[in-house]
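Have a look at the structure below, then the notes.
Protein chains in written order, with the working numbering: chain A, 30 to 277; chain B, 30 to 277; chain C, 30 to 277.
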């Protein structure tokens with residue numbers, strides 16, 4: 030289960046049923062939960078001069094794919110799932126079910142809720158705050174410096190159920206409110222109201238999300254997406270969503 | 030020729046003259062053609078629960094550079110050439126001479142023609158269809174979901190000889206027709222007519238491609254590019270292009 | 030100090046106090062200065078058919094983080110510092126203190142001054158010329174081909190103290206003059222005047238940089254940034270900047 034070529038520090042705490050791939054390095058200041066799988070060529074728990082000594086904690090039943098790098102000092106809930114070549118720096122806290130796509134980079138000092146999904150090649154700047162059930166698509170950047178370079182940090186806030194489409198920048202200090210949709214290739218310089226669509230550069234109000242129809246011939250609204258899209262969420266969460274919309 | 034540290038499953042079928050770099054893993058469900066070179070730190074033929082059991086097939090005389098990851102279940106023609114840290118998921122079919130630049134990510138379920146060139150850091154969404162002799166430049170994203178997240182998939186179609194410049198998004202279901210040029214930093218929401226230039230966000234018609242002059246002092250048209258640009262194509266292909274323009 | 034699994038060619042010249050991580054490959058045509066650290070899973074000094082045989086030279090006290098790939102034939106001053114999975118091709122010359130963020134890709138044939146900082150996922154096209162104390166933020170692309178694909182190369186020039194914000198493209202042949210700021214998500218098709226802000230797609234003049242106030246409550250100008258931002262620069266450089274602004 031632990032490949033013979035994996036280099037695991039004696040200080041690392043690995044739960045039961047943990048599998049570790051070939052040529053992976055696990056440093057000492059790491060706690061990995063039960064039934065986790067770490068792919069090949071990873072480096073897990075990289076020591077950092079920026080850390081306060083707290084360990085990297087990976088929840089039960091997580092999957093970290095090959096060539097990924099995690100620093101010490103972050104905490105992930107159960108069922109973390111990553112693509113390949115993910116980078117996660119110090120001081121990130123995330124709830125259960127976080128998905129981090131291939132090549133995504135979490136710069137650290139972030140708070141992330143439950144069942145958040147980052148697709149490939151997402152860049153989460155320091156001091157970002159992300160709610161629950163958020164979707165962030167490829168090549169999205171969450172920024173933090175209002176006049177770079179400087180020592181001023183104004184992280185972005187993304188609330189529950191937000192979806193941010195590909196190749197979009199969220200500028201420093203912006204809040205995208207619950208259920209909003211940000212169109213592809215946008216630059217968002219102002220707060221986005223709940224359940225609205227914005228797009229463009231600079232992004233402007235387009236419509237309320239509920240006016241977008243599903244392109245599956247059903248004639249139903251595409252948003253809130255939790256009404257029709259359930260793949261990959263826990264049964265209890267889906268049951269709550271189903272009952273939320275049962276009467277409408 | 031096979032480095033002593035390469036881990037090659039007994040089931041893998043390697044042709045004659047295959048070279049494999051240090052610390053590379055080759056899984057069992059893999060067929061690699063003659064005279065291929067696989068760089069260091071790769072993982073080739075990753076098993077996938079999404080696969081139907083078909084192997085990863087790499088054509089003769091291919092070069093896969095270091096830190097790349099290929100899943101089982103895709104088929105590549107001869108002379109595939111990749112940069113470093115390429116990711117290729119299940120169910121992609123590509124013709125001969127495909128070039129995939131460093132950090133590019135092919136999400137799978139794609140069809141790709143002959144002598145297509147992806148530069149660095151290109152993201153090819155699932156269900157993309159790409160013709161022959163296409164160029165896609167860095168940080169281009171081909172999307173597929175018209176109202177993310179959803180279960181609706183509308184892949185992009187890119188026809189022969191198209192060039193898509195850097196940092197451009199092609200929105201779901203769009204077709205870019207033969208010989209078109211999409212300018213840098215564009216967002217393409219509508220079909221693009223053959224042999225036209227579009228640019229902007231949203232992208233608009235700029236001109237016919239033939240009106241763009243080569244900036245080499247010759248005063249000739251820059252498009253169709255196959256008239257003057259032949260580097261890296263097979264002799265027979267270049268000969269056909271030369272004869273196509275000999276009379277004009 | 031050299032990990033037992035590191036594969037170091039007998040021809041490589043390593044200075045005193047060099048550390049090399051696990052599973053890293055160092056080829057023969059490499060000169061690494063004193064007190065350098067090379068992380069795990071790197072490939073350093075990749076042989077290239079495009080090279081003239083000159084070695085890769087890494088200055089003293091440099092740090093190359095894990096999974097990085099450097100080709101032979103480039104020269105770096107002291108205190109080079111990279112993130113993870115950096116790629117550097119042939120024929121780049123850089124001064125002291127270059128910082129190259131995670132996933133950044135320097136395509137080669139570039140000239141880079143002193144204490145330049147590339148954040149994560151920056152793409153520096155061939156034939157770029159970059160001055161001193163420049164900042165380039167994530168997902169910025171410096172291009173070079175005015176009508177792709179072609180054999181015409183018009184590299185970009187970035188002068189001293191310029192800052193280019195995230196997700197911006199600089200088009201071929203453009204010069205961004207000293208002290209300018211390019212806003213996020215911009216496409217720059219014309220030269221940018223010194224000490225001005227441009228933004229948009231295509232980028233337009235917004236204001237002089239000195240009119241932007243620091244968002245730290247001080248009421249001071251945010252630019253020139255060297256007046257207030259000194260982190261990571263050598264003492265002598267900072268002293269010169271302090272004295273430059275002491276009288277104003």
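Just so it is clear, CB atoms sit at the ideal spot from N, CA and C, and this is done for glycine as well.
- Message: Could you check whether the Cβ of residue 213/A sits closer than 8 Å to any Cβ belonging to chain B?
- Response: yes
- Message: Is it buried or exposed, residue 260/B, if we count other Cβ atoms within 10 angstroms and call 16 or more buried?
- Response: exposed
- residue 80/B: contacting residues in chain A (beta-carbon distance under 8 Å): Here the premise fails: no neighbours, minimum Cβ distance about 16 Å.
- Message: Under 8 Å, with one C-beta from each stretch per pair, do the stretch 216 to 232 of chain A and the stretch 181 to 195 of chain B reach the 3-pair mark?
- Response: no
- Message: Contact between the stretch 91 to 102 of chain A and the stretch 111 to 129 of chain A is defined here as three or more beta-carbon pairs at a separation below 8 Å; is this criterion met?
- Response: yes
- Are the beta-carbon atoms belonging to residue 101/A and residue 117/A less than 8 Å from one another? no
- Query: Got a sec: is the Cβ-Cβ distance from residue 76/B to anything in chain A below 8 Å?
  - Reply: no
- Which one or two residues does DSSP pair with residue 210/C in a beta bridge? 192/C and 226/C
- Item | Contact set for residue 256/C: own chain, Cβ-Cβ below 6 Å, skip 5 residues either direction | 274
- Message: Buried or exposed, going by whether 16 or more other CB atoms sit within 10 Å of the CB of residue 81/A?
- Response: exposed
- Query: Which of helix, strand or coil does DSSP assign to residue 238/A?
  - Reply: helix
- On the three-pair Cβ rule with 8 Å, is the stretch 57 to 66 of chain C touching the stretch 86 to 94 of chain B? no
- Query: Looking at the unbroken beta strand (DSSP E) that takes in residue 122/C, where does it start and where does it end?
  - Reply: 121 to 123
- Within chain A, the residues that residue 96/C reaches when beta carbons sit closer than 9 Å: 70, 72, 96, 98 and 114
- Query: Taking the alpha-carbon positions, what's the residue 152/B to residue 265/B distance?
  - Reply: 30 Å
- Taking 8 Å as the threshold, find out whether the stretch 155 to 165 of chain B comes into contact with the stretch 137 to 145 of chain B through three or more Cβ pairs. yes
- Task: Using a Cβ cut-off of 8 Å (strictly closer), state whether residue 216/C contacts chain B.
- Result: yes
- Task: Could you tell me which chain C residues have their CB closer than 8 Å to the CB of residue 187/B, listed as they occur along the chain?
- Result: Going along chain C, no residue has its Cβ under 8 Å from residue 187/B, so there is no contact; the nearest lies around 14 Å.
- Chain-ordered residues of the stretch 120 to 135 of chain A with a beta carbon less than 9 Å from chain C: 132 and 134
- Message: Below 7 Å on C-beta distance, what does residue 167/A contact in chain B?
- Response: 152 and 170
- Query: Can you name the start and end residues of the alpha helix (DSSP H) that residue 47/A belongs to?
  - Reply: Segment: none, residue 47/A is in no alpha helix (DSSP H) and carries neither H nor E.
- In DSSP terms, what residue 243/A is bridged to: None; residue 243/A has no bridge partner.
- Hey, could you find the ends of the beta strand (DSSP E) residue 99/C is sitting in? 98 to 100
- Task: Report yes or no: is there a C-beta of chain C within less than 8 Å of the C-beta of residue 147/B?
- Result: no
- Task: Could you please tell me which residues of the stretch 230 to 243 of chain A, in chain order, have their CB closer than 8 Å to any CB of chain F?
- Result: Absence of chain F from the displayed structure is noted, the protein chains being A, B and C.
- Task: In angstroms with no decimal places, state the Cα-to-Cα distance between residue 228/B and residue 213/B.
- Result: 7 Å
- Nearest-angstrom Cα separation, counted from residue 236/B out to residue 203/B: 19 Å
- residue 135/B beta carbon less than 8 Å from that of residue 148/B: no
- How is the beta strand (DSSP E) around residue 72/B delimited, first residue to last? 72 to 75
- Query: Relative to the C-alpha of residue 35/A, which residue among 122/A, 194/A and 70/A is closest?
  - Reply: 70/A
- Query: Would you say residue 227/C reaches chain B, if we count a Cβ-Cβ gap shorter than 8 Å as a contact?
  - Reply: no
- List the endpoints of the continuous alpha helix (DSSP H) containing residue 266/B. 264 to 275
- Query: Do you know offhand how far residue 244/B's Cα is from residue 175/C's?
  - Reply: 7 Å
- Item | Identity of the residue in 33/A, 200/A and 191/A nearest residue 211/A by Cα | 191/A
- Item | Interfacial residues, the stretch 252 to 275 of chain C to chain A, with Cβ spacing under 8 Å | 252, 254, 257, 258 and 260
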